[in-house]
Amino acid sequence: MSSHSGAPADPRPGSADDEIGPEQEYVSMLYDRLDDLREQAAARLAAELRATGGTYQARSQRDSAVGMYAEQVDQYSAVENGLCFGRLDLTDGTRQYIGRIGIFEPSGGHEPLLMDWRAPAARPFYLATAASPQGVRRRRHLRTRHRKVVALNDEVLDLASASPTAHEGLTGEAALLAAMNASRTGRMGDIVETIQAEQDRVIRSELGGVLVVQGGPGTGKTAVALHRAAYLLYTHRRELSTRGVLLVGPNATFLRYISQVLPTLAETGVLLRTQGELFPGVVADAAEPAEAAAVKGRLLMTEVIAAAIADRQEVPDDGLDVEVDQYVLALTPDTVAAARDRARRTGKPHNLARAVFDIEVVHALTAQVAERIGADPLGGENLLDEADLAEIRRELAAEPEVRATLDGLWPVLTPQQLLADLYADPDRIATAAPQLTDAERALLHRQPGGWSPADVPLLDEAAEQLGEDGREIAARAERARRAQLAQREYAEGVLEIAQGSRSIDLEDEPEGEILSVTDLLDADRLGERQETGERLTTAQRAAADRNWAFGHIIVDEAQELSPMAWRVLMRRCPSRSMTIVGDVAQTGALSGTASWDEVLEPYVAQRWRLEELTVSYRTPAEIMAVAAGVLAAIDPALRPPRSVRETGVPPWDRRVAPAALAGELVAAAVAEADTVGDGRLGVIVPAGRVTELGTAISAELPEAAVGEHPELESRVVVLTVPQAKGLEFDSVIVVDPDRIVAESPRGHSDLYVALTRATQRLGILRPTT
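Using the numbering used here, read the sequence shown as starting at 44 and increasing by one per residue.
In structure tokens, the structure reads:
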């Protein structure tokens with residue numbers, strides 16, 4: 044590869060000020076090229092949007108082109124900041140610039156001006172060391188602000204001249220430590236400039252199969268997961284762009300925190316969802332006791348749902364009278380039981396088996412009608428033939444009284460109806476869940492109104508066992524047919540008006556044919572021009588379709604998922620191509636994961652692979668030493684990750700009188716907020732005191748964010764441990780750790796999470812006992 048500077052790369056680091064000028068020229072050229080590419084994509088998008096008509100294939104190709112150019116415009120805009128962040132000077136005298144996307148010479152050649160960080164040729168930027176230089180003589184990090192180069196940092200990878208790094212195994216140590224020591228912004232930043240070797244190995248792991256990434260606090264699990272998503276979309280674009288990638292996070296606050304990372308990596312098509320958003324049409328954010336969520340998370344709930352469905356397939360204790368016209372027909376328990384058993388033997392889901400049940404019952408009723416109206420008065424065989432019987436069956440099936448009876452005996456149910464009716468009726472719960480204790484059944488009982496995240500796997504399971512109502516499918520198809528017909532009729536009307544409005548006197552027409560709109564368009568093509576349906580991305584279509592099969596699923600904070608939640612995700616990914624990211628030491632949910640093997644064995648047996656992240660980049664050694672004591676209480680065999688840096692600021696731990704706690708917290712929060720300046724302060728409090736303590740802090744610091752979904756860009760954020768999962772702050776104050784432990788089902792795990800959210804400073808406030 045040729046050098047883009049016009050001269051061989053000089054491996055000797057010179058004055059940074061002297062070299063910023065030439066680097067600025069190159070970076071400015073890259074931005075000019077980026078602007079050109081964005082303008083070209085925008086122009087092509089506009090042209091495609093103006094085009095109309097054509098065959099079905101042409102319209103399909105146009106929609107694909109619109110999606111492609113729209114994605115390109117988004118990508119070119121998203122990589123604006125930090126477009127180019129690195130340079131490699133190679134031993135063969137050539138030079139490579141590394142950035143967020145690949146940019147090539149405008150002549151149409153394949154000579155890269157900027158190498159995409161995901162390309163194989165860019166990998167030495169992350170792996171090369173003095174001991175293993177991989178053909179690299181110098182690695183340069185470029186720091187930019189907007190489009191301006193503001194600083195350079197060079198590493199010479201020549202054993203004869205390179206100075207040893209403070210931490211063996213780190214690459215780009217100066218850039219890494221600068222990123223770790225920088226103030227937080229309330230939104231997660233990417234690590235594309237500072238990916239370390241153990242992280243790179245995980246990011247570039249093969250697509251297929253289940254990859255588990257286990258790592259302690261600060262090891263970059265979330266960042267690795269996001270960069271892996273971007274890498275897989277780059278290397279498997281064709282497959283994953285059509286099937287989509289799903290990323291599941293622990294809560295909405297976390298997803299907002301990470302939402303900008305993938306766009307800055309030039310990927311805008313990943314679907315981000317919480318567990319509570321995995322059932323289309325339902326946003327499940329209602330609170331419930333941890334014990335109730337734990338019961339709902341057990342796999343035995345599949346049996347409970349099956350029993351609840353069977354309970355709705357009723358056989359009356361006594362016979363039913365069905366009045367049709369002048370006849371009163373009788374349905375005996377034996378007749379209904381036979382129809383029910385026949386429908387069950389089909390093995391079809393409840394709603395689909397309803398048709399078989401209907402047929403059996405209607406046949407039984409038809410036999411009674413035939414016996415009455417078709418009997419031979421002379422005692423011979425019934426006078427009705429098969430055509431007569433078929434007509435009676437059709438008439439009976441359409442009778443409102445018959446339909447009502449069938450609906451009562453075998454109702455067509457939605458998952459929401461099934462669960463709402465089950466929860467609201469203790470008798471139904473007792474019938475469906477004899478395996479549970481009285482106390483556990485009581486946890487399931489509630490009145491209709493709102494869904495919790497733990498309900499979503501049950502709704503999904505109910506949808507599988509119920510099946511979709513065939514009549515609703517037919518109704519949707521009919522509505523679509525009628526809409527298409529109405530569109531054609533409208534177009535025909537327009538053309539008739541256009542044809543009738545021609546006012547040119549034929550005698551006055553000039554020689555030659557005058558074309559009209561009717562000569563150029565028929566009703567079908569004009570109708571196509573009136574299409575108003577929105578063009579949905581892969582992620583949007585996947586979000587609306589419960590049966591969508593994703594090409595890859597990434598689960599962050601995966602240790603929190605229940606067995607029932609895992610069942611949903613495995614259903615969404617039949618290929619079992621998944622990246623599972625978490626730390627079993629941080630499991631907070633009662634039904635959460637204690638062992639990856641236990642979770643995965645039912646689905647992939649032992650066919651999964653484990654990668655461990657062992658280095659903590661975020662959490663300094665002083666804070667990790669405090670957290671290590673809590674980790675030992677969770678499991679003495681667990682070892683904390685190794686911190687790569689120290690801040691020189693020891694954590695503080697104060698005891699105050701209970702009555703003075705709120706006042707002392709406010710004073711500490713004000714002091715910490717002043718210390719971190721433009722950074723972010725997180726105040727982590729017990730769930731039972733969030734309102735009280737949040738109100739006290741807000742009174743003194745009005746900018747403080749408190750609530751169910753706090754705004755993380757606020758300078759001070761008051762939140763609970765579940766809200767804090769996966770987040771990071773410059774400084775953290777942990778309030779009343781004993782109560783955090785006491786009020787949580789996995790108290791020490793929650794405290795471990797709370798203590799490891801800070802990148803710089805940690806304080807602990809304890810009320811005296």
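All residues carry an ideal CB built from backbone N, CA and C; glycine is no exception.
Would you mind working out which of the options sits nearest residue i, comparing C-alpha positions?
i: residue 745; options: 671, 72, 759; result: 759
i: residue 314; options: 258, 349, 579; result: 579
i: residue 649; options: 682, 656, 659, 619; result: 619
i: residue 360; options: 380, 366, 344, 367; result: 380
i: residue 750; options: 769, 728, 771; result: 728
i: residue 235; options: 196, 127, 134; result: 127
i: residue 444; options: 425, 474, 383, 372; result: 372
i: residue 842; options: 748, 743, 698, 733; result: For residue 842 there is no data in the structure shown, the boundaries of the chain being 44 and 812.
i: residue 651; options: 640, 190, 661; result: 640
i: residue 298; options: 752, 782, 799; result: 752
i: residue 261; options: 770, 781, 784; result: 770
i: residue 402; options: 441, 368, 718, 376; result: 441
i: residue 682; options: 670, 307, 693; result: 670
i: residue 182; options: 190, 172, 188; result: 172
i: residue 131; options: 174, 305, 282, 215; result: 215
i: residue 67; options: 701, 461, 473, 188; result: 188
i: residue 502; options: 610, 480, 122, 248; result: 610
Between which residues of its own chain and residue i is the CB-CB distance below 7 Å, once the five residues before and five after are set aside?
i: residue 176; result: 200
i: residue 432; result: 409, 413
i: residue 355; result: 454, 456
i: residue 365; result: 372, 374, 408, 444, 445, 448
i: residue 389; result: 396, 399
i: residue 512; result: 394, 455
i: residue 475; result: 347, 350, 351, 354, 465
i: residue 320; result: 326
Take residue i and list the residues in its own chain whose beta-carbon comes closer than 6 Å to its own, dropping the five residues that flank it on each side.
i: residue 591; result: 585
i: residue 207; result: Bear in mind that the predicted position of residue 207 carries a pLDDT of just 48, short of 50, making it unreliable; the figure below should be weighed with that in mind. So the list is empty, once near-sequence residues are dropped.
i: residue 193; result: 186
i: residue 631; result: 789, 792, 793
i: residue 378; result: 407
i: residue 498; result: 327
Ordered along the chain, which non-local residues of its own chain (more than five positions away) have a Cβ less than 8 Å from that of residue i?
i: residue 391; result: 399, 510
i: residue 418; result: 425, 426
i: residue 246; result: 238, 267, 270, 271, 274
i: residue 603; result: 293, 625, 630, 631, 632, 635, 636, 768
i: residue 73; result: 126, 127, 140, 142, 146, 156, 157
i: residue 694; result: 665, 666, 669, 804, 805, 806, 807
i: residue 83; result: none
With a 10 Å radius around its C-beta and 16 neighbouring C-beta atoms as the bar for buried, classify residue i as buried or exposed.
i: residue 184; result: buried
i: residue 434; result: exposed
i: residue 32; result: Nothing can be reported for residue 32: it is not among the residues displayed for the chain, which extend from 44 to 812.
i: residue 416; result: exposed
i: residue 370; result: exposed
i: residue 153; result: exposed
i: residue 655; result: exposed
i: residue 99; result: exposed
i: residue 71; result: exposed
i: residue 287; result: buried
i: residue 659; result: buried
i: residue 802; result: buried
i: residue 61; result: exposed
i: residue 191; result: exposed
i: residue 95; result: exposed
i: residue 865; result: Residue 865 lies beyond the residue range present for the chain, which begins at 44 and ends at 812; the question has no answer from this structure.
*Say whether the segment 596-606 touches the segment 290-304, bearing in mind that this needs 3 or more beta-carbon pairs closer than 8 Å, one atom from each stretch.*
yes
*Do three or more CB pairs link the segment 221-241 to the segment 713-728 at distances below 8 Å?*
yes
_With three or more C-beta pairs closer than 8 Å as the rule, is the segment 658-674 touching the segment 631-645?_
no
*Can you list the alpha helix (DSSP H) stretches of 4 or more residues lying completely in the segment 381-448, in chain order?*
393-416, 429-441
*Taking contact to mean at least 3 C-beta pairs separated by less than 8 Å, is the segment 318-329 in contact with the segment 345-358?*
no
_So, does the segment 623-633 touch the segment 248-256, judging by three or more C-beta pairs under 8 Å?_
yes
_Sequence ranges, beta strand (DSSP E) only - wholly within the segment 715-754, length at least 3_ = 724-727
*Does the segment 767-781 touch the segment 804-812, meaning 3 or more C-beta pairs lie closer than 8 Å?*
yes
*Output the residue ranges of the beta strand (DSSP E) runs that lie fully inside the segment 339-369 and measure 3 residues or longer, sorted by chain position.*
363-367
*Curious, which full-length alpha helix (DSSP H) runs of at least 4 residues does the segment 440-507 contain?*
443-452, 458-467, 469-475, 481-487
*Write down every uninterrupted run of the beta strand (DSSP E) in the segment 566-643 whose length is 3 residues or greater and which is fully enclosed by it, in chain order.*
595-598, 621-625
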